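Enquirer: Below is a structure I'd like to ask you about.
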Amino acid sequence: MNNQGFWIYLLIISGSTYLIRTIPFASISKKIKNRFIRSFLYYIPYTVLSAMTFPAALYATGNIIAASAGLAVAILFAVKGKSLTVVAAVSCLTVFVVGQLINIV
Numbered sequence: 023m024n025n026q027g028f029w030i031y032l033l034i035i036s037g038s039t040y041l042i043r044t045i046p047f048a049s050i051s052k053k054i055k056n057r058f059i060r061s062f063l064y065y066i067p068y069t070v071l072s073a074m075t076f077p078a079a080l081y082a083t084g085n086i087i088a089a090s091a092g093l094a095v096a097i098l099f100a101v102k103g104k105s106l107t108v109v110a111a112v113s114c115l116t117v118f119v120v121g122q123l124i125n126i127v
C-alpha cells in the first residue's frame, strides 16, 4: 500500500467513525432505546474497518493462495480465542510457508 492510499483509508475510517458516533448525539437529545438502531450504531466502525482490511489482506502478498491460507488460519485461531499476537504470528508464518511452497513447485 502506498502512503497516499494509507492516508485515504485512515481519513475514511476516522470520518465514518466520527460521524456515525456524533450525528446521533447531535441530532437526538434523549437516549436511543431501539435495540436495532443501537446495535447498528455500535457495529458500523467495525464493519467499515473490516470492509477496508479484507481486500488488503488478500492482495498484500501478491499471491492470493498464500494470502487465503494465512487469512483462513488467522480466522481459525481468532475463533478459538487466541491472543492477537498469536493470531498475527501464526498467520504470517502460514503465508510465508505457503508462499515458499508455491515458489518451489
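If you use the working numbering, the sequence shown corresponds to residues 23 to 127, in order. Beta carbons are placed, not taken as given, at the ideal position from N, Cα and C, and that holds for glycine. Everything numeric in this text was worked out from a predicted model, so none of it was measured.
Where does I35 fall in DSSP's three states?
Expert: helix
Enquirer: Are the beta-carbon atoms of V109 and A89 separated by less than 8 Å?
Expert: no
Enquirer: Given this structure, state the Cα-to-Cα distance separating I97 from N56, to the nearest angstrom.
Expert: 32 Å
Enquirer: By how many angstroms is the C-alpha of I50 removed from the C-alpha of F99?
Expert: 41 Å
Enquirer: Curious, which full-length beta strand (DSSP E) runs of at least 3 residues does the region 46-71 contain?
Expert: none
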